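A short write-up of the structure that comes next.
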Amino acid sequence: MTLLKRALAQLCTTAITLFGVAIVVFFVVRVVPGNPIAMMLPPGASAEDISRLEALYGLDKSILHQFVIWLGGAVQGDLGTSITTRQPVLELVLSRLPATLELSMMALVIAVAIGGVLALTGTRMRGTRVEGAIDVGNGMALSVPDFLWGLVLILAFGVLWPIFHISGRASPTLDFEFATKFYLFESVLRLRFDVWLDLVSHMFMPALALAIPLAAIIAQLLKQSLKETMHLDYVTLARTKGYGENSVILREALPNAILPTLTLVGVQFTFLIGGTVIIERLFSYEGLGNMAIDAVINRDLPLIQGIVILFALIFTAVNLVVDLSYAALNPRLRHG
Amino acid sequence: MTPFLQISNLNVTLGQTHPILRSVDLTLSEGETRGLVGESGAGKSMIGKAILGTLPSALRVRSGEIVLDGEDLQRLADKDRRRVIGAKAALIPQDPLTALNPSKRIGVQITNRLVDILGWRRKAAEARAIELLDEVHIPNPDRVMRAYPHELSGGMRQRILIAAAFAAEPKLIIADEPTTALDVTAQKQVLKLIHEMQQRHGTSLLFVTHDLGVVSKICQSLTVLYSGLVLESTGVDEFFATPRHAYSRALLQATPKYTDPDASLTPVPDPVIEATQREVQMFDRKQAHV
Amino acid sequence: MVDGRSLVTRKMGARLWLSGGWLVLLALAALFAPWISPQDPLAQDIFASRLPPFWQSGAEPGFPLGTDSLGRDVLSRMIHGARVALGVALIAGTLTCLVGASLGLIAGYFRGWPDLVISRFIDIWMAFPPVLFSILLIAVLGTGLTSIIIAIVVIDWTRFARVIRAEAIGQGAMDYVVSAQVAGRKRFDTMIREVLPNVLPTIVVLLTLEMGIAVIIEAILSFVNLSISTDQPTWGGMISEGRISIHQAWWVLIFPLVSLFLTVLSFSQLGEGLKDRFDPVLR
């Protein structure tokens, strides 16, 4: 199958999945008890006011009718209007998306760095105590979820040894006008490394909490895959050519060991993004997840829908990218 | 002729004590081809691995010398030893399907020793690789250089591995049963090719095999191993005329082509095996007293 | 070689004992909570607020692990919190397992349209951020123990379904299953008698892991104040309060955090231990 065909087939299943997500979330949200309209109006508002507002938000029509209207809008990029802030949902969601994306990417980078180094060290030191220690650490990191790691980090580096910020995205005293919402990115482009440092010292703890379980998975899978590869004939042949242990691991084994790890890391990365919801809450980080929890608490139906759909979109996009890059990286699939 | 490779009193054990190679002595002159014969598990591959420094991690060289072109490999530091081996020796591996890295182009796999270890310029190394591919009769060497292993047949890959082994003009080539994974026709061709290349380049060849037929065709001398013990080390003509050891005689009988092509394969008879095992035990006891 | 093997088993054994020990301790605390708690977990005393734990100066004898900002006894709240944690672990874990494993078994063994439908649902579920989904469900269902259990089952059934489906597909191709079918056994009968026993070890291992996960989900929901009514102490609720007063009274956060940590680790170690027990190759 060519790359293009593969991509098209993937796009089709992705579309079906997204449609399913839209249906599920739309109907779950409609069952939410408590009248959001009544909450918007001052006490003592008349029934007439309520029904007028309901008509404004389309809440007076049948559920099916509402779904068709909403879906029609969503396809054109109109996700409706937030009930609490009365701003377009798309605008609200897009204003928070960069924060969450930056956090997730930073977590991914940390996870790959830690996991990769551990896997390589474990392979280099196979059969020693170092490898044993890495295995035990991995086991622990794997079985404890990001939420708990976040709390541990808050206690350790926020309170007992306060070297990182544990709340917010940037210091309130920061004197800097951002032109975009990609703060971290922008600070690098504008060469303001003082700003960058402030942002990183805020992001590092939540990003690390998200990264720990993924790092453990990467370390475990990659190490296993590397160790299997190290027994293969072409690795032995490379040794006879005069390569040392480090070159053999990095040049011969690693390129082949990465592929099986990559697919699983893709799925795990979507779990990581899902984890931002609670981690952002825990670290009062102003991203999409934090906004989502507020939306649920305020019963802001259009906003909840918009955020969930956006998350689903990100998840499926990640899977798509991973699948395609797997195909692109594997010479067998690229030419076969 | 001075021996180019001299192995003396080489002892390799599994773990602390279990012997894999028992005081092996072996010499190889420049340009000589020596067959290393024995059943599977006799330790014949381990000699090659000990020379190249690729023994499995559970095995240890306990004592002995391996002198390659005047350098005692056991005394060199790891890094220097790898360099000496990379420059002077090469391996033709057994299975062409698993001995090429699936994620790298053929060209890189032939030239990497020259560029990374021996410091050649990439252009020169590539020209050399194309020349070698031509020598091993591979059509369209330019295209093959850019190919990935999975795009080539098993026979092609074995030729490429042979070409790669000769890349740095090594003085010693260790062929570790290079024909066992191939079918009969391919076996003949590969054997012919190795012989041809060895003659042309004047390389010494250590040919590990369990097939005496192959030995008779391309080797000048051979060494028979049993359970890590050298039973007999002699010239090929002498061996086939008058094998000295009882085990060698039985082995010769077990190879049908050289007594009667129609005879069925006769296994080495039990009494011979038992006698040889006793010999190994005797040897171990003598070692323990020393 | 033999030494190494037995050393590993011995280490594993020690970890299993520790994990089991902690869970038994929790179970006892949960069962006898009203009798062993030094204080009423709900009793507030603003004059005894933020008392430090016993080893620090300023501690008071009746409050070994200190008090929170409302003067409630941390130890008593922890003991009562164990009831919710273990209750959710057992009930939600088992129900999730039943639903997820059944669906996975059906999809993997029968294939065809049941598999098509179930797999599609798994795909859709995988596209939801689980934490957000659970919060949304609690908002719909209302707070309370039942809602939490339902929410956990609804979010997490896919964890079982995915794995068991894959295993059942593998088992369905095995000779003994095929021969049972050829011998005229009913399909459903074969599934229960031939396939189920072979995937049971995996189910049990997943179940122990799920119990740990259920505890965490409950804690997360308590953390965003969506778990159970506020007059039932929970570890997640304590963490939520502890997070706010972290700079004044870190002990309010650390004790429930350590309990959660140990509980999750114990469940997963238990799972690992069971996996080794079940695996005939390793045994």
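Residue numbers (my numbering), protein chains in the order written: chain A, 1 to 336; chain B, 1001 to 1290; chain C, 2001 to 2283. Here a beta-carbon is modelled for each residue, glycine too, at the ideal position from N, C-alpha and C. Fair warning: this is a prediction, and the values are worked out from it, not measured in the lab.
Using a cut-off of 8 Å between C-beta atoms, extract the partners of residue i located in chain A.
i	result
ILE1194 (chain B)	None at all; the shortest Cβ gap to chain A is about 16 Å.
ARG2250 (chain C)	As written in the sequence, residue 2250 (chain C) is Trp, which differs from the Arg given in the question. Correct list: LEU155, VAL159 and LEU160.
LEU2257 (chain C)	LEU148, LEU151, VAL152 and LEU155
Given this structure, state the Cα-to-Cα distance separating residue i from residue j, to the nearest angstrom.
i	j	result
ASP392 (chain A)	LEU2016 (chain C)	Residue 392 (chain A) lies beyond the residue range present for chain A, which begins at 1 and ends at 336; the question has no answer from this structure.
GLU1274 (chain B)	TYR1247 (chain B)	10 Å
ASP146 (chain A)	ILE2091 (chain C)	24 Å
MET1282 (chain B)	HIS1289 (chain B)	11 Å
ASP1284 (chain B)	ASP1072 (chain B)	26 Å
ILE1174 (chain B)	LEU1014 (chain B)	22 Å
GLU1131 (chain B)	LEU222 (chain A)	38 Å
LEU1161 (chain B)	LYS1044 (chain B)	21 Å
VAL152 (chain A)	VAL112 (chain A)	21 Å
PRO1952 (chain C)	LEU2070 (chain C)	Lying outside 2001 to 2283, the shown extent of chain C, residue 1952 (chain C) is not represented and no answer is given.
GLU2272 (chain C)	VAL2205 (chain C)	7 Å
ALA1129 (chain B)	HIS1137 (chain B)	13 Å
THR1259 (chain B)	LEU1252 (chain B)	At THR1259 (chain B), the pLDDT of 48 sits below 50, so the modelled position is not reliable; the number obtained from the coordinates is stated separately. THR1259 (chain B) and LEU1252 (chain B): Cα-Cα distance of roughly 8 Å.
ALA1087 (chain B)	GLU1126 (chain B)	17 Å
ILE212 (chain A)	VAL2224 (chain C)	22 Å
Residues of chain C with CB under 8 Å from residue i, in chain order?
i	result
PRO145 (chain A)	ILE2213, ILE2216 and VAL2264
Just verifying my parser: in three-state terms, what is the DSSP assignment at residue i?
i	result
GLN1006 (chain B)	strand
SER2006 (chain C)	With a pLDDT of 48 at SER2006 (chain C), under the threshold of 50, the modelled position of this residue cannot be trusted, and the question is left open.
ARG2283 (chain C)	Low per-residue confidence applies at ARG2283 (chain C): pLDDT is 39, beneath 50, and the placement is therefore not dependable enough to give any value.
THR263 (chain A)	helix
GLU1169 (chain B)	coil
LEU2026 (chain C)	helix
GLY1035 (chain B)	strand
LEU313 (chain A)	helix
GLY1064 (chain B)	strand
VAL1224 (chain B)	strand
GLU1232 (chain B)	strand
GLU1071 (chain B)	strand
ILE2122 (chain C)	helix
ARG2015 (chain C)	helix
ARG1249 (chain B)	helix
THR2202 (chain C)	helix
VAL1208 (chain B)	strand
Would you kindly check if the distance between the Cβ of residue j and the Cβ of residue i is under 7 Å?
i	j	result
LEU1068 (chain B)	LEU1005 (chain B)	yes
GLN224 (chain A)	VAL29 (chain A)	no
GLN1094 (chain B)	LEU1100 (chain B)	no
LEU1133 (chain B)	VAL1144 (chain B)	yes
MET2174 (chain C)	GLY2093 (chain C)	no
ALA2089 (chain C)	ALA2214 (chain C)	yes
LEU1010 (chain B)	MET1046 (chain B)	no
LEU1172 (chain B)	ALA1089 (chain B)	yes
ARG1034 (chain B)	SER1221 (chain B)	yes
ILE398 (chain A)	PHE283 (chain A)	Coverage of chain A is limited to positions 1 through 336, which leaves residue 398 (chain A) absent and any answer about it impossible.
Is there at least one Cβ from chain E nearer than 7 Å to residue i's Cβ?
i	result
PRO255 (chain A)	Of the protein chains in the structure, A, B and C, none is chain E.
For a contact meaning CB atoms closer than 7 Å, what does residue i contact in chain C?
i	result
ARG281 (chain A)	VAL2224
Who are the neighbours of residue i on chain A, taking C-beta pairs under 7 Å?
i	result
ILE2135 (chain C)	ILE293 and VAL296
GLY1086 (chain B)	LYS241 and GLY242
LEU1100 (chain B)	TYR234
PHE2261 (chain C)	VAL144 and LEU148
ARG1113 (chain B)	LYS241 and GLY242
LYS1171 (chain B)	Chain A residues near LYS1171 (chain B): none, gap ~14 Å exceeds 7 Å.
Using a C-beta to C-beta distance shorter than 9 Å, which residues of chain B count as neighbours of residue i?
i	result
LYS223 (chain A)	Chain B residues near LYS223 (chain A): none, gap ~16 Å exceeds 9 Å.
Who are the neighbours of residue i on chain C, taking C-beta pairs under 9 Å?
i	result
ALA312 (chain A)	ILE2124, ALA2127, PHE2128 and PRO2129
GLY289 (chain A)	PRO2129, VAL2131 and LEU2132
Closer than 7 Å by beta-carbon distance: list the chain B residues that pair up with residue i, in chain order.
i	result
LEU237 (chain A)	LEU1091, PRO1093 and ALA1099
Hey, is residue i close to the ligand GDP, as in C-beta under 6 Å from one of its heavy atoms?
i	result
MET205 (chain A)	The model depicted lacks the ligand GDP and carries no ligand whatsoever.
The stretch 193 to 200 of chain A in contact with the stretch 234 to 251 of chain A per 3-pair CB rule at 8 Å: As far as the Cβ criterion goes, the stretch 193 to 200 of chain A does not touch the stretch 234 to 251 of chain A, which means the pair count is below three.
Touching by the beta-carbon criterion (3+ pairs, under 8 Å), the stretch 205 to 224 of chain A and the stretch 179 to 193 of chain A: Contact check between the stretch 205 to 224 of chain A and the stretch 179 to 193 of chain A: fewer than three CB pairs, one atom from each, fall below 8 Å, which does not count as touching.
Segment contact, 8 Å Cβ cut-off, at least three pairs: the stretch 1118 to 1125 of chain B with the stretch 1139 to 1156 of chain B: Taking one beta carbon from each stretch, the stretch 1118 to 1125 of chain B and the stretch 1139 to 1156 of chain B have fewer than 3 pairs nearer than 8 Å; the two do not touch.
The stretch 2056 to 2071 of chain C touching the stretch 2096 to 2108 of chain C, judged by at least three CB pairs closer than 8 Å: no
Cβ pair count under 8 Å reaching 3, the stretch 2124 to 2134 of chain C against the stretch 12 to 25 of chain A: yes
Three-pair Cβ contact test at 8 Å for the stretch 202 to 214 of chain A versus the stretch 1075 to 1083 of chain B: no
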